[in-house]
Structures are given as structure tokens and as C-alpha cells.
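Here is the structure we will look at, set down as C-alpha cells.
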Amino acid sequence: MKTGSKTSFYKWIDDIKKAYRHRTELEEKLQFYETRLIGYNAVTYDSIGSSSTKNNVEENLLYVIGKIDKVKARLNKPQKLIDEYIRFKSKLKPQEVLVLEYIVETSLNKRDIGSRMKISKSRVYDIIIEIIKQYSGIKALKWIELDKIAFKSEPINVIIMTSAARFFDIQ
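Count along the sequence shown from 1, then add 22; that gives the number in the numbering used here.
What follows is the structure, encoded as C-alpha cells:
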């Protein structure tokens, strides 16, 4: 397992945590705007077309509707990430799901996760490594295969050696 896969896994975990927070904030904002929308009085025919600035119900109504549309559009990004997380969880074993949920949805450290699950801290780390392997999955295998092909290939080795020779002025 490469260090990069571990780093990208923990970045993904952080992104999921942010997505949950962001989704909650956006849902609250959406609820606020929808409440404002309900609070508007109906547009009266007397105020339509009048030059009165006192009764700008139409403009305010359109403003709120526009805000609702923007918030709904912004909700899609965190929701996609959360859906991806849920799909990934469905591929894991029950114990791996529990560990992943503790990591993502709580702020417990590894020792506390182990004590809640009644397993050792080292077992928690073993489970996390298994989760990372599944997260890395096919992408990691493809990169390893590409590395092997690149280093076994003669033309690439010749190019590397000649470039090094030129760099160090070796004849």
C-alpha cells in the first residue's frame, strides 16, 4: 500500500465530513428561504404596474425564488459525495462499516472506537487498512501495473540512463 493512497483516503474522509456539514447548512438556508416564501402576501392586482416602491412584493418574491434555486443547485455537490460514501459503505463488511461510520460520523479516536466495538486498537488499524485497500481498489492496482511496465521497458530505461549521463557529463 502506498502512502498516497492513505493520504487520499483521509482527504476523502475529510471531504465527506465537510459535505455533511455543508449539506446541513444549505438545508437550513433552504428552509429559511422557503419560510420567507410562505410569509409573502399574495400579489394584488392593484400593486402590479404601480410606481409605488413601498410594495415591491414581485421583486422580493423573485429574489427569494432565485435564492431557493441557487441553494438547491449548491446542495447537489455535497449530496453526490454523501451518496458515493453510502455506496462505498454498502460494499464493506459489517465491522468495516462500523469503523468507517465511527471515523466519519463521530470525533472518536481509534482507541475509543476499539473500546466501543470491544476490539483492540491494533485491530481497528487493521480494519482501517482493509477499508483503505478497498477504497484504493482498482486505481491502486492499475498504478502498480503501470509502474512495473515502465521499469521493465528497455526504451524507457535507455532514455533515463542517457538523460542521467548527459546531466552528470558521463561518457
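Every residue, glycine too, gets a C-beta built ideally from N, C-alpha and C.
Counting the other CB atoms within 10 Å of its CB gives Pro100 a total of 16 or more, which places it among the buried residues. Around Lys89, the same chain offers Tyr55 as residues with beta carbons nearer than 6 Å, after the five sequence neighbours per side are excluded. Burial state of Leu48 is buried, judged by a 10 Å Cβ sphere holding 16 or more other Cβ atoms. In this structure, the CA atom of Ser129 is about 12 Å from the CA atom of Val121. In the displayed model, Thr29 falls within a helix according to three-state DSSP.
Here Ala41 is buried: its Cβ has 16 or more other Cβ atoms, across all protein chains shown, within 10 Å.
For the alpha helix (DSSP H) assignment, the uninterrupted runs of no fewer than 4 residues enclosed by the stretch 68-153 are, from N- to C-terminal side, 79-112, 116-127 and 132-139. Between Ile141 and Glu118, the gap from beta carbon to beta carbon reaches 8 Å or more. Its chain contains Pro100 as the residues whose beta carbon lies nearer than 6 Å to that of His44, once the 5 sequence neighbours on both sides are disregarded; these appear in chain order.
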